[in-house]
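There are 2 protein chains.
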Amino acid sequence: MRTQGEELEDIKRRQCFIFVKDSSAVFIRYIVMESSVIDPVPTDLGRALCIITGASKGFGRSLAKQIAGLLKPGSVLLLVARSGDKLRELQADLAASDAGQKGLVIRCVTADLSQKGAVEETVKAAKQTNHLDIDRLVLINNAGSLGDVSRFAVSFTDPAEINSYLAFNVSSALSLTASLMQAFPKRSGLQRCVVNVSSLAALQPFPSWVLYCTGKAARDMMFRVLAEEEPELRVLNYAPGPLDTDMHMQARTLSGDMALRASLREGQLLTCEESAAKLVKLLLNDNFTSGVHLDFYDL
Amino acid sequence: MRTQGEELEDIKRRQCFIFVKDSSAVFIRYIVMESSVIDPVPTDLGRALCIITGASKGFGRSLAKQIAGLLKPGSVLLLVARSGDKLRELQADLAASDAGQKGLVIRCVTADLSQKGAVEETVKAAKQTNHLDIDRLVLINNAGSLGDVSRFAVSFTDPAEINSYLAFNVSSALSLTASLMQAFPKRSGLQRCVVNVSSLAALQPFPSWVLYCTGKAARDMMFRVLAEEEPELRVLNYAPGPLDTDMHMQARTLSGDMALRASLREGQLLTCEESAAKLVKLLLNDNFTSGVHLDFYDL
Numbered sequence: 517m518r519t520q521g522e523e524l525e526d527i528k529r530r531q532c533f534i535f536v537k538d539s540s541a542v543f544i545r546y547i548v549m550e551s552s553v554i555d556p557v558p559t560d561l562g563r564a565l566c567i568i569t570g571a572s573k574g575f576g577r578s579l580a581k582q583i584a585g586l587l588k589p590g591s592v593l594l595l596v597a598r599s600g601d602k603l604r605e606l607q608a609d610l611a612a613s614d615a616g617q618k619g620l621v622i623r624c625v626t627a628d629l630s631q632k633g634a635v636e637e638t639v640k641a642a643k644q645t646n647h648l649d650i651d652r653l654v655l656i657n658n659a660g661s662l663g664d665v666s667r668f669a670v671s672f673t674d675p676a677e678i679n680s681y682l683a684f685n686v687s688s689a690l691s692l693t694a695s696l697m698q699a700f701p702k703r704s705g706l707q708r709c710v711v712n713v714s715s716l717a718a719l720q721p722f723p724s725w726v727l728y729c730t731g732k733a734a735r736d737m738m739f740r741v742l743a744e745e746e747p748e749l750r751v752l753n754y755a756p757g758p759l760d761t762d763m764h765m766q767a768r769t770l771s772g773d774m775a776l777r778a779s780l781r782e783g784q785l786l787t788c789e790e791s792a793a794k795l796v797k798l799l800l801n802d803n804f805t806s807g808v809h810l811d812f813y814d815l
Numbered sequence: 517m518r519t520q521g522e523e524l525e526d527i528k529r530r531q532c533f534i535f536v537k538d539s540s541a542v543f544i545r546y547i548v549m550e551s552s553v554i555d556p557v558p559t560d561l562g563r564a565l566c567i568i569t570g571a572s573k574g575f576g577r578s579l580a581k582q583i584a585g586l587l588k589p590g591s592v593l594l595l596v597a598r599s600g601d602k603l604r605e606l607q608a609d610l611a612a613s614d615a616g617q618k619g620l621v622i623r624c625v626t627a628d629l630s631q632k633g634a635v636e637e638t639v640k641a642a643k644q645t646n647h648l649d650i651d652r653l654v655l656i657n658n659a660g661s662l663g664d665v666s667r668f669a670v671s672f673t674d675p676a677e678i679n680s681y682l683a684f685n686v687s688s689a690l691s692l693t694a695s696l697m698q699a700f701p702k703r704s705g706l707q708r709c710v711v712n713v714s715s716l717a718a719l720q721p722f723p724s725w726v727l728y729c730t731g732k733a734a735r736d737m738m739f740r741v742l743a744e745e746e747p748e749l750r751v752l753n754y755a756p757g758p759l760d761t762d763m764h765m766q767a768r769t770l771s772g773d774m775a776l777r778a779s780l781r782e783g784q785l786l787t788c789e790e791s792a793a794k795l796v797k798l799l800l801n802d803n804f805t806s807g808v809h810l811d812f813y814d815l
């Protein structure tokens, strides 16, 4: 939160001259344009606690790197993933970066979010940060899996397989989000934002992707409900586009639907960096409608 | 299936005269209009195996009663629900009805579909019918629960609670559908249809209904994928509208969001019978686009 003095200074700095012509004479007026209209994109995310799941590789890793550079000293980046080795590698990279040198704290939780206790462990690590010490909370629910795309829906006869998929891709995202919102409750001066890493598959059915489409549709709706319920919270369903990741490689080599497989092979891939940059820009601008589904290609 | 003789007779009966005029002369031609365009609504569902989950009360029970009257002798109605007492009561009613007297077989499975073994048990009961003895398979995935609507999304911190909800409302519908499609595979002369009892909540977020909305959105997408994958299968997401049921009573008395609660109290309720009748008409007409979401009020 800016003080009134800071706000006034900002307005003065931006005052600009415009010419207003009427039929009889030319007047020169000083116009103070409305501050919100001409606000430049903020250049940082303030003093924040940012939690990223699925942070060890791909899109999550790119996000972690970009966000690290936008956090003010004293901020905390909490990274969660199943692979401890890759997490520690990323932690070392970030600690050695400019941000790390300037006092960004990087914490890691090695956990499979579908397993009992993993959400609690992540929340415990987040709570090491006092909620009064930050002015922004950003939670990026990025962890997710493709499921077995080599098979069609009629092959999913085992409830345990579906339950396990939904536990990781749906339940953990809700329980983690809920737990963190409770641990860092609404208060004046704290901007809270939750991102769901979504997909076109949340809106459109793809043959041989029954688990993936179902999970992504479920997540989008879950976060839309959250947005309805918590008007102060900023909620975003971001579909990052077709990314050059292991997951996309699985999809284009294993999808049971051959036409889909071929179309994935022909399609242009985005780098994780360019898609992460677009999400980061959305977070900095912070003018999306809460609960909306935005796709890389919409922006 | 009609015999070729029946089909030919039908075509002859419908042949009609139309005048075709060109610039030089008037010709009269006999035109056989395409049979499907002018087919009257069929009055029965043929010799079918019809499986209805959540059949012991409310919408499922109404559907069972209406469908029973549309099944040809030798058909089987398989009813699944958690409450054995209510199922047996319905079974007795149906056995005493005209349909029961004319040879409709009514089987019951008392099972909680979220529990291990329940899907297998249902499939086992279905398999008592030889797939060559029927010309239609109708599966109505009606079982569902509202979840705890007294609380908001931020209270759902326990993954086990969410998992249990999704197991009943999402996983069991997919595994049951998949298992039955395998048990009754595509063959010439067998018309297969799967209905998902959906809701407006599959499309629209309602505050304090995070589990319900999430589950319904997940189910809709699941069945849309199924429709994409199996072009021969008829798949319908049917939203029955606000029904005068126990579930609606829970919703309007317990919903945590007071504005929603009030609007539910003010809204007009539909009887299960009138909504079931609309679904039955859709099944008889059988001209919906497979995978579509249709609401009572769209029809």
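Chains as they are written, first to last, in the working numbering: chain Y, 517 to 815; chain X, 517 to 815.
The beta carbon of each residue, even a glycine, is placed where N, CA and C say it ideally should be.
- Contact annotation for Y:C729 against chain X: M737, M738, R740 and V741 [CB-CB distance below 8 Å, chain order].
- Distance check between X:L587 and each of X:K602, X:L561, X:L594 and X:A608 places X:L561 closest, using alpha-carbon atoms only.
- Residues of the stretch 668 to 701 of chain X that bring their beta carbon within less than 7 Å of a beta carbon in chain Y comprise F668, A669, V670, S671, F672, T673, D674, P675, I678, N679, L682, A683, V686, S687, S688, L690, S691, A694, S695, M697 and Q698, in sequence order.
- Flagged as an interface residue toward chain X: Y:E745, by a C-beta distance shorter than 8 Å.
- Listed along the chain, the chain X residues whose CB falls inside 8 Å of the CB of Y:P723 are V741, E744 and E745.
- Comparing C-alpha distances from Y:L579 to each of Y:A718, Y:N803, Y:L798 and Y:L810 shows the shortest one belongs to Y:L798.
- Y:R703 is positioned such that its CB atom lies no closer than 8 Å to that of Y:A564.
- Secondary structure note for X:N712: its beta strand (DSSP E) is the uninterrupted segment Q707 to V713.
- Under DSSP, X:T626 shares a beta bridge with X:A597.
- In the DSSP assignment, X:T569 falls within the unbroken beta strand (DSSP E) covering A564 to T569.
- Here Y:I656 really is in contact with Y:I568; their C-beta atoms are around 5 Å apart, less than 8 Å.
- Around the beta-carbon of Y:K581, 16 or more other beta-carbon atoms lie within 10 Å, marking it buried.
- About 5 Å separates the CB atoms of X:M738 and Y:T730; that is less than 8 Å, so the two are in contact.
- Contact annotation, Y:A733 with Y:D811: C-beta distance approximately 15 Å; criterion of less than 8 Å not satisfied.
- Your pair X:V670 and Y:Q707 does not check out as a contact, with CB atoms roughly 17 Å apart and the cut at 8 Å.
- Here X:R577 is not near X:A584, since their CB atoms are 8 Å or more apart.
- Y:V726 and Y:Q766 have their C-alpha atoms spaced approximately 15 Å apart.
- In terms of beta-carbon proximity, X:A755 stays away from the interface with chain Y, with every pair separated by 8 Å or more.
- Taking the beta carbon of X:V635 as reference, the chain Y residues within 7 Å of it are P675, listed in sequence order.
- In this chain, the beta strand (DSSP E) harbouring Y:V654 covers R652 to N657.
- Per DSSP, the beta-bridge partners of Y:V751 are Y:V710.
- The three-state secondary structure of Y:D674, taken from DSSP, is coil.
- For secondary structure counted as the beta strand (DSSP E) over 3 or more consecutive residues, the stretch 567 to 591 of chain X holds no complete run.
- Under the Cβ criterion of 8 Å, Y:V726 is counted among the residues facing chain X.
- Within its own chain, the residues whose Cβ lies closer than 6 Å to the Cβ of Y:Y728, once the five positions on either side in sequence are excluded, are L662, G663 and A717, listed in chain order.
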